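Student:
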Amino acid sequence: MTIMIWLLALLTAFTPAAAEEADTYYVLTTNGSAALASETGELLVWPGEYSRIEALGDSGLYAARPLSGGGLGLIRADGSALTAFEYETFEYDGERVIFAREGKWGAMDLSGNALVEAAYTRLVSAGEAGFLAFRTDPLDDTPDSL
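According to numbering that gives the first Met the number 0, the sequence shown is numbered sequentially starting from 0.
1) Taking one C-beta from the stretch 61-71 and one from the stretch 107-117 each time, how about it: are there three or more such pairs within less than 8 Å?
2) Are there 16 or more other CB atoms within 10 angstroms of the CB of residue 131, so buried, or fewer, so exposed?
3) Could you tell me the alpha carbon to alpha carbon distance between residue 84 and residue 94, rounded to whole angstroms?
4) Measuring only the C-alpha atoms, how far is residue 21 from residue 37?
5) Determine whether the beta carbon atoms of residue 63 and residue 86 lie at a separation below 7 Å.
6) How would you label residue 58, buried or exposed, when you count the other beta carbons within 10 angstroms and need 16 or more for buried?
7) What are the boundary residues of the beta strand (DSSP E) that includes residue 27?
8) Report the CB separation of residue 120 from residue 104 in whole angstroms; it is logged as a contact under 8 Å.
9) Find the nearest neighbour of residue 96 within the set 52, 79, 114 and 102, judged by alpha-carbon distance.
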């Protein structure tokens, strides 16, 4: 009953999280705790586990940070962890997930399998051509000489 009252109180705070096929999920946040609910109001990820949950586009995956601290990890809509919680950020390019871990960038597929090891100062999607990978900072403050 408490959860239903909590859900009703937060109904106005619902924000669409992502579409996975025909399903829509909503991220709820209250008192520093995040939850994930289905369109029907069923809680898929209960509050008390994560401080932050954000949809990665329409991938069906979510970047989540545990309440206990640490880095970000990827979770599925059912709340199961896809990766360890050791990442700094995630970007979704429509097919793959580009990530930063320990200051280095890499990429993985939607199943969490490494496509490019985290060894670059920046990694940018080049669509079907793969990735543009940098080992130095292309946006540094030092002008290049001719």
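Beta carbons: idealized from backbone N, C-alpha and C, even for Gly. As the structure is a prediction and not an experimental result, all values here were calculated from the model.
Tutor: From the atom records:
1) Cβ pair count under 8 Å is below three, so no.
2) It counts as exposed.
3) Taking the straight line from one Cα to the other gives about 21 Å.
4) Only weak support is given to the placement of residue 21: the predicted model assigns it a pLDDT of 40, under 50, and the value that follows is read from those uncertain coordinates. Between residue 21 and residue 37, the C-alpha separation is close to 11 Å.
5) Contact flag unset, no.
6) Counting Cβ neighbours within 10 Å, residue 58 comes out buried, since at least 16 surround it.
7) That run of the beta strand (DSSP E) goes 22-29.
8) That belief holds up - the Cβ atoms of residue 120 and residue 104 are roughly 7 Å apart, short of 8 Å.
9) Taking only the C-alpha atoms, the option nearest residue 96 is 114.
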